[in-house]
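Participant: Quick one: this structure, given as structure tokens, is what I'll be asking you about.
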Amino acid sequence: MRATESRWARRVVVDATVPHRTEAVFPYLADPDKWHDFAPAVVFRRRIDTGPIRVGATWMATDRIGPFRIHFIDRLEALDENRRVVWLSSAPWNSRVEYACGPSADGTRIRADYAGELSDSLRWQLGWVPGRVMQRILARDFVRLDRLLTHDARAAGRWELGHPASADAAGR
Numbered sequence: 009m010r011a012t013e014s015r016w017a018r019r020v021v022v023d024a025t026v027p028h029r030t031e032a033v034f035p036y037l038a039d040p041d042k043w044h045d046f047a048p049a050v051v052f053r054r055r056i057d058t059g060p061i062r063v064g065a066t067w068m069a070t071d072r073i074g075p076f077r078i079h080f081i082d083r084l085e086a087l088d089e090n091r092r093v094v095w096l097s098s099a100p101w102n103s104r105v106e107y108a109c110g111p112s113a114d115g116t117r118i119r120a121d122y123a124g125e126l127s128d129s130l131r132w133q134l135g136w137v138p139g140r141v142m143q144r145i146l147a148r149d150f151v152r153l154d155r156l157l158t159h160d161a162r163a164a165g166r167w168e169l170g171h172p173a174s175a176d177a178a179g180r
């Protein structure tokens, strides 16, 4: 560790591939109201401001870490539709999360870069967890996202099989 680094600073990078089109994957990464669908730590998100999702938009947030609930504010820092989204979280996370998406032969390649400096109670709740363990925990969110998207795609397929006139009327 360099002298300028804090012992509470953390950075975890997860490279994942989700076998679905970016247009299906990205909306889940760009909308905190959908995070609880695939990220079990997410307990609560509520938009503070109104209007369309845009840079500067903020959410009240609560995550569950073990038996503890952590309250903070998420702010949308950057949004490049279907390519990249950056979130900033207030204390105690003090973090920056970037999801960068791109096409791959197998679906969508996601590079998730989590960086921040733990403060308050998170220091003793997560400060002892090795980076590799955090990486495995965070990578599981993308496995759950794949399951969710696969379930939705199968349900849509079953609907279209049972209601072909509806699919034709919708221009498919």
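Heads up, this note's numbering is the position in the sequence shown plus 8, with the first residue counted as 1. C-beta atoms are modelled at their ideal positions from N, C-alpha and C, and glycine is treated no differently.
1) In its own chain, which residues sit with a C-beta less than 8 Å from the C-beta of Val26, not counting the 5 before and 5 after it?
2) Nearest-angstrom Cα distance between Glu106 and Ala163?
3) Between Leu197 and Ile73, which are expected to be in contact by the criterion C-beta below 8 Å, what is the C-beta distance as a whole number of angstroms?
4) Whole angstroms are fine: how far does the CA of Ala38 sit from the CA of Pro60?
5) Phe80 by DSSP, collapsed to three states: which one?
6) Taking Arg131 as part of the alpha helix (DSSP H), name the residues at either end of that continuous run.
7) Considering only C-alpha positions, which residue in the set Phe76, Pro75, Ile81 is nearest to Thr66?
8) With DSSP as the reference, label Arg72 as helix, strand or coil.
9) Could you pull out every residue in the same chain whose Cβ sits closer than 8 Å to the Cβ of Val51, ignoring the five residues on either side in sequence?
10) Curious, which full-length beta strand (DSSP E) runs of at least 3 residues does the segment 94-127 contain?
11) Classify Arg62: buried if its beta carbon has 16 or more other beta carbons within 10 angstroms, exposed otherwise.
Facilitator: Well, looking at it:
1) What you label residue 26 is simply residue 18 of the sequence shown in a count that begins at 1. Result list for Val26: Val33, Gly115, Thr116, Ile118, Phe150, Leu153, Asp154, Leu157, in chain order.
2) Position 98 of the sequence shown, counting from 1, holds the residue named residue 106. Position 155 of the sequence shown, counting from 1, holds the residue named residue 163. So the alpha carbons of these two residues sit roughly 30 Å apart.
3) Examination of residue 197 is not possible in this model, given that the chain is present from 9 through 180 alone.
4) Numbered from 1 along the sequence shown, position 52 holds the residue referred to as residue 60. Numbered from 1 along the sequence shown, position 30 holds the residue referred to as residue 38. Their Cα atoms are separated by approximately 12 Å.
5) Within the sequence shown, residue 80 is the residue found at index 72, counting from 1. In the structure shown, Phe80 sits in a strand (DSSP, three-state: E or B).
6) The residue labelled residue 131 in the question sits at position 123 within the sequence shown. Its alpha helix (DSSP H) spans residues 130-134.
7) Within the sequence shown, residue 66 is the residue found at index 58, counting from 1. When each option's Cα is compared against that of Thr66, the closest is Ile81.
8) The count along the sequence shown starts at 1 and reaches residue 72 at position 64. In the structure shown, Arg72 sits in a strand (DSSP, three-state: E or B).
9) Locating residue 51 in the sequence shown gives position 43, where the first residue counts as 1. His44, Thr70, Asp71, Arg72, Arg77, listed in sequence order.
10) 103-112, 115-125
11) For this step, residue 62 is matched to residue 54 along the sequence shown. When all chains shown are included, Arg62 counts as exposed.
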